[in-house]
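Heads up: the structure comes next, in structure tokens.
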Amino acid sequence: MEIKKVIPSGFCIGVIEAIKKVKELRKDEPNAKIYILGHLVHNEYISDALSKMDIITLDDKDKSKEELIEMIDDGIIVFSAHGISDDLYKKAKEKGLRILDATCPFVYKTQCLIKDRLKEGYEVLYIGKDKHPEAMAVLSISPHIHLIEDKSSLNDLQDYSKVFITNQTTMSITEIEQLVNIIKERYPKAVFSDEICSATRMRQEAIYKITDADVLYVVGDPTSNNSNKLKEIAKSRGIKKVYLIRSAQDIDIQDLKDVSVIYVTSGASTPNYLRDQVIEVLKEYDKKGTFKVPEIILSKLI
Ligand code: SF4
Numbered sequence: 002m003e004i005k006k007v008i009p010s011g012f013c014i015g016v017i018e019a020i021k022k023v024k025e026l027r028k029d030e031p032n033a034k035i036y037i038l039g040h041l042v043h044n045e046y047i048s049d050a051l052s053k054m055d056i057i058t059l060d061d062k063d064k065s066k067e068e069l070i071e072m073i074d075d076g077i078i079v080f081s082a083h084g085i086s087d088d089l090y091k092k093a094k095e096k097g098l099r100i101l102d103a104t105c106p107f108v109y110k111t112q113c114l115i116k117d118r119l120k121e122g123y124e125v126l127y128i129g130k131d132k133h134p135e136a137m138a139v140l141s142i143s144p145h146i147h148l149i150e151d152k153s154s155l156n157d158l159q160d161y162s163k164v165f166i167t168n169q170t171t172m173s174i175t176e177i178e179q180l181v182n183i184i185k186e187r188y189p190k191a192v193f194s195d196e197i198c199s200a201t202r203m204r205q206e207a208i209y210k211i212t213d214a215d216v217l218y219v220v221g222d223p224t225s226n227n228s229n230k231l232k233e234i235a236k237s238r239g240i241k242k243v244y245l246i247r248s249a250q251d252i253d254i255q256d257l258k259d260v261s262v263i264y265v266t267s268g269a270s271t272p273n274y275l276r277d278q279v280i281e282v283l284k285e286y287d288k289k290g291t292f293k294v295p296e297i298i299l300s301k302l303i
């Protein structure tokens, strides 16, 4: 079998910086209570590794972020790489919490751009994923921002004179292109700014270049939008066997029957250690014909 690493893949600069900030915070404040509002980045293993450093991820599907902030009385609250709404930022301040904002600069740039267009009187059509924290932070800015998930989202919209189209940073290149074309049929004068970040774009473009894969593993968390988009793009390119796996522990050896060429990629929020472990396990299987489910050492992740 040929086992190939997709380049680029794995951690992006926004994720690296967010993790670095939180680790430095723990070093500077060894005794402080540190909470992250939601997952710092979309990867359960990273949240587990942070929890080993006594950094608590506040995540409860039955509670809003506002309610989660309400539960904390003191300490430091970290806002994740996906960005935060102005209201939640204000609420944390009012509670007297210290704040570390780990918002990725690309996400922040999109938020600023949207605010500028709103001031100019534009109605904003934001292509993104419902309930994703990045999209939720953006939608909270103004009622003049409308989430576009697919073409049916246009049904409820009115005929606006000034329309600005933009998007969540981790969407797929193809999806955005198709949706923008559909939106422009309805609003021909709409102005578009493509906000897919460079890390997302380059990881997707690398998939487009693959022509000989029998199998593609995308190592990433099921909640990671950019990992899911890598999977979708690979499928749309005709790669028949595409698997989103959290780690080498999810590999099903039955999937490797009659396979010659395997590619391994990983989302921007996936530790490179997990991607490289998948490659190692596959190489070992190819060489010796044995498959050993590996242990994941959390301290090596971040
Ligand atoms: S995927 Fe892009 S927007 Fe998200 S954290 Fe990484 S660099 Fe920032």
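The numbers in the sequence shown follow the numbering used here, run straight up by one, and end at 303.
For every residue, glycine included, the Cβ atom is placed at its ideal position computed from N, Cα and C.
Along the segment 82-160, the alpha helix (DSSP H) occurs as fully enclosed runs of 4 or more residues at 87-95, 106-120 and 134-140, listed in sequence order. Of the candidates 165, 188 and 85, the residue whose Cα lies closest to the Cα of residue 141 is 85. In the DSSP assignment, residue 267 falls within the unbroken beta strand (DSSP E) covering 262-267.
The residues 164, in chain order, have a CB closer than 6 Å to that of residue 188 in the same chain once the five nearest residues on each side in sequence are set aside.
Here the residues close to the ligand SF4, judged by CB distance below 6 Å to any of its heavy atoms, are 13, 14, 15, 16, 82, 105, 107, 108, 170, 171, 198, 200, 201, 227 and 269 in chain order. At the C-beta level, residue 234 and residue 175 come within 8 Å of one another.
The beta strand (DSSP E) runs of length 3 or more contained entirely in the segment 31-61 are, from start to end of the chain, 35-38 and 56-59. The closest CA to that of residue 152, considering only 127, 46 and 139, is found on 127. The criterion of a C-beta distance shorter than 8 Å is not satisfied by residue 16 and residue 265. A direct Cα-Cα distance of roughly 38 Å separates residue 244 from residue 100. DSSP places residue 192 in the strand class (E or B) of the three-state scheme. Rounded to the nearest angstrom, the gap between the Cα atoms of residue 206 and residue 36 is 36 Å. Closest in alpha carbon position to residue 220, among 213, 268 and 167, is 268.
By the beta-carbon neighbour count (other beta carbons within 10 angstroms, threshold 16), residue 255 is exposed. Residue 245: member of the beta strand (DSSP E) spanning 242-246, first to last residue. For residue 283, the enclosing alpha helix (DSSP H) has its first and last residue at 273-289. Under the three-state reduction of DSSP, residue 296 is assigned to coil, being neither helix nor strand. Counting along the chain, no beta strand (DSSP E) covers residue 28; the unbroken alpha helix (DSSP H) around it starts and ends at 14-29. The shortest C-alpha to C-alpha distance from residue 11 to any of 289, 247 and 288 is the one to 247.
If you draw a 10 Å sphere on the C-beta of residue 149, you find 16 or more other C-beta atoms in it, and that means buried.
Put simply, of 282, 139, 90 and 49 the residue whose alpha carbon is nearest the alpha carbon of residue 222 is 49. By the Cβ-count criterion, residue 271 is buried, with 16 or more other Cβ atoms from all chains shown falling within 10 Å of its own Cβ.
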